[in-house]
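J.: Numbering (our numbering), first residue to last: 4 to 312.
A virtual CB, placed ideally from N, CA and C, is assigned to each residue, including glycine.
Quick one: the structure is below, questions incoming.
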Ligand SMILES: [Mn+2]
């Protein structure tokens with residue numbers, strides 16, 4: 004039986020990783036030969052969770068044999084996926100993002116819903132198929148949902164997501180969900196001694212609209228001062244990445260999860276002009292206060308798509 008590879012997006016976050024692990028386990032129960040992989044190193048939040056829940060870290064694999072079968076979770080966009088994706092055969096996609104840059108060679112199983120996390124969609128698939136959810140799986144699904152929803156602060160959160168977490172917690176039995184989430188965010192915010200490029204790329208996605216290629220990095224943190232203190236260096240590195248990756252535009256936002264404020268950094272006059280016009284904000288040196296803009300998917304990308312469209 005051929006191996007089927009399952010993975011989330013590049014620069015994987017908690018939802019990307021845990022959705023692959025949980026959904027991979029489910030596909031295995033359907034007698035598929037599944038190999039969970041990741042496309043890049045994990046962030047500290049996901050590492051903390053794998054350690055806490057005693058789950059094996061999937062290997063990083065960036066190149067597969069041609070025409071390998073693949074299943075995508077938490078993304079569909081080509082520019083956020085495995086390199087040269089057209090070389091592979093997409094069997095399934097489980098997602099909660101928009102479809103702007105996606106096609107398959109063969110018919111595929113696609114399931115996407117506007118819920119706050121891919122793991123919410125996966126929970127629904129499990130229930131619909133009478134798949135029994137064990138305690139560890141329930142904890143992983145909860146972790147991913149709370150991570151993507153920033154403990155319900157993100158406007159992507161829906162009542163259905165909250166209901167799903169309540170149902171899952173009857174199995175997971177996590178005593179204090181808020182503490183569980185805050186510990187996870189603290190782990191994510193503990194960046195240690197990482198480079199400026201790693202700060203920008205820790206949660207970074209590329210997009211293409213109407214021939215305009217752009218990158219958007221978001222750092223969700225309980226400790227915004229850590230990166231805002233390095234704003235000049237970040238602004239400079241943004242310009243380097245823009246040149247290296249042949250981008251037309253790049254922005255990086257520090258999202259304070261506690262105060263619910265987005266401070267966006269930019270190092271070039273062109274990028275500042277775009278951000279100012281698109282979000283109606285002014286720059287003070289290299290930062291602009293975007294206010295309560297917490298979700299890249301729901302509050303940043305639609306604005307940029309409209310601007311560049
Ligand atoms: Mn997600």
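1) Which one or two residues does DSSP pair with residue 208 in a beta bridge?
2) Give me the Cα-Cα distance between residue 22 and residue 42, rounded to the nearest whole angstrom.
3) Between which two residues does the beta strand (DSSP E) holding residue 294 run?
4) Please list, in chain order, all residues of the same chain as residue 5 whose beta carbon is under 7 Å from its beta carbon, the five residues on each side excluded.
5) For residue 222, which option in 150, 65, 136, 55 has the closest C-alpha, if you only look at C-alpha atoms?
6) In whole angstroms, what separates the C-alpha of residue 302 from that of residue 55?
7) State whether the segment 252 to 259 contacts the segment 211 to 231, with contact taken as three or more CB pairs (one from each stretch) at a distance under 8 Å.
8) How many angstroms separate the CA atom of residue 7 from the CA atom of residue 38?
9) By the three-class DSSP mapping on this structure, what secondary structure does residue 105 have?
10) Let me know the secondary structure DSSP gives residue 267 once reduced to three states.
11) Output the distance between the C-alpha atoms of residue 272 and residue 164, rounded to the nearest integer angstrom.
12) With DSSP as the reference, identify every bridge partner of residue 75, one or two as the case may be.
13) According to the Cβ coordinates, are residue 63 and residue 85 closer than 8 Å?
14) Residue 235: which of 203, 44, 152 sits nearest, CA to CA?
15) To the nearest angstrom, how far is the alpha carbon of residue 308 from that of residue 147?
16) Mind checking who residue 37 pairs with in its DSSP beta bridge?
T.: Here's the rundown:
1) Looking at the DSSP assignment, residue 208 forms a beta bridge with 219.
2) Distance between the alpha carbons of residue 22 and residue 42 is about 14 Å.
3) 290 to 294
4) 36, 72
5) 150
6) 32 Å
7) yes
8) 6 Å
9) Three-state DSSP puts residue 105 in coil, outside helix and strand.
10) strand
11) 40 Å
12) 10, 96
13) no
14) 203
15) 26 Å
16) Under DSSP, residue 37 shares a beta bridge with 7.
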